[in-house]
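Below is one structure, written out as structure tokens; comments come after it.
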Amino acid sequence: MPRSVPRPRLRGVLDRTAPDVAYRAELTECVFVPPVTSDTPALDQDIALPESWWAELKSALGTLATVPTDRESVRQSWVERNFRRFLGIDPVLICETTTGHADLHWANLTRAPLVLLDWENWGRLPVGYDLGLLHAYSLAAPATAARIRREFAHVLDTDAGRTGELVALAQLLQACSRGVHPTLAPLIARRAQELTHTPVPTP
């Protein structure tokens, strides 16, 4: 991982295995810059971030996309099992993948200077997945959501980007079905319907 991707430095790793389970503990350096949100991954109001912050995010994600890895964060098999259940449409085929963070939300992004936190799930994922997650977590903050779509239109407005966004929305709808993000759930469902032109199945 290039040092130009702003993240906590890994200081140590401890692995423990048992017959049916494996554990890994990672020690990272302490980050003193506060995250954008601390008690929820979602925004409930618009935020003001400097232009440099957006430039840093774009650069960090662009660099991360070039990192080779055999870690797989999002699998086609999940899409096959869950798209009809949560989006009401046939599964899509993930044709374009990239390396991404896989948990890109506002509690994992610090204010300026930007640091990306919580790297346990990073790996290969659909193009547009990370940005689809961040956009979905911003739906209650319309100006910020619009800023994401404007800054990353070169990804989100492509066929591959729309596929990645759909996968992100489906995974969030799965979480919502378990009672997570109750106030965000209808906004996520509405965004999914905008993309699919199909009503989201009721739980």
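Heads up: the sequence shown runs through residues 24 to 226, numbered per the working numbering.
We put the CB at the ideal spot given by N, CA and C, even for glycine.
Asked                                                                                                                                           : Found
Helix, strand or coil: which one does DSSP assign to residue 91?                                                                                : coil
Look at the Cβ atom of residue 127, then the Cβ atom of residue 159, and state whether they are nearer than 7 angstroms.                        : no
When burial is assigned at 16 or more other CB atoms within 10 Å of the CB, is residue 136 buried or exposed?                                   : exposed
Tell me the rounded alpha-carbon separation between residue 114 and residue 54.                                                                 : 40 angstroms
Have a look at the DSSP bridge pairing and note the partners of residue 39.                                                                     : 46
Does residue 132 come out as helix, strand or coil in the three-state DSSP assignment?                                                          : strand
Within the segment 49 to 122, note down every full alpha helix (DSSP H) run reaching 4 residues or more, in order along the chain.              : 74 to 87 and 99 to 110
If you count every other CB in all the chains shown that lies within 10 Å of the CB of residue 153, and 16 or more means buried, which is it?   : buried
When the Cβ atoms of the segment 27 to 43 are set against those of the segment 79 to 90, are three or more pairs found closer than 8 angstroms? : yes
Can you name the start and end residues of the alpha helix (DSSP H) that residue 155 belongs to?                                                : 152 to 159
Is residue 34 helix, strand or coil when you go by DSSP?                                                                                        : strand
Use the C-beta contact count for residue 91: other C-beta atoms within 10 angstroms, 16 or more gives buried, fewer gives exposed.              : exposed
I need the boundaries of the beta strand (DSSP E) containing residue 179, first residue and last residue.                                       : No beta strand (DSSP E) contains residue 179, which is instead part of the alpha helix (DSSP H) from 176 to 179.
Is residue 121 near residue 150, with beta carbons less than 7 angstroms apart?                                                                 : yes
Please state whether the Cβ-Cβ distance between residue 219 and residue 112 is less than 7 angstroms.                                           : yes
Is residue 139 helix, strand or coil by DSSP?                                                                                                   : strand
On the criterion of 16 or more Cβ atoms from any shown chain inside 10 Å, does residue 205 qualify as buried, or is it exposed?                 : exposed
If residue 132 and residue 59 are in contact, beta carbons under 8 angstroms, what's the gap, nearest whole angstrom?                           : 5 angstroms
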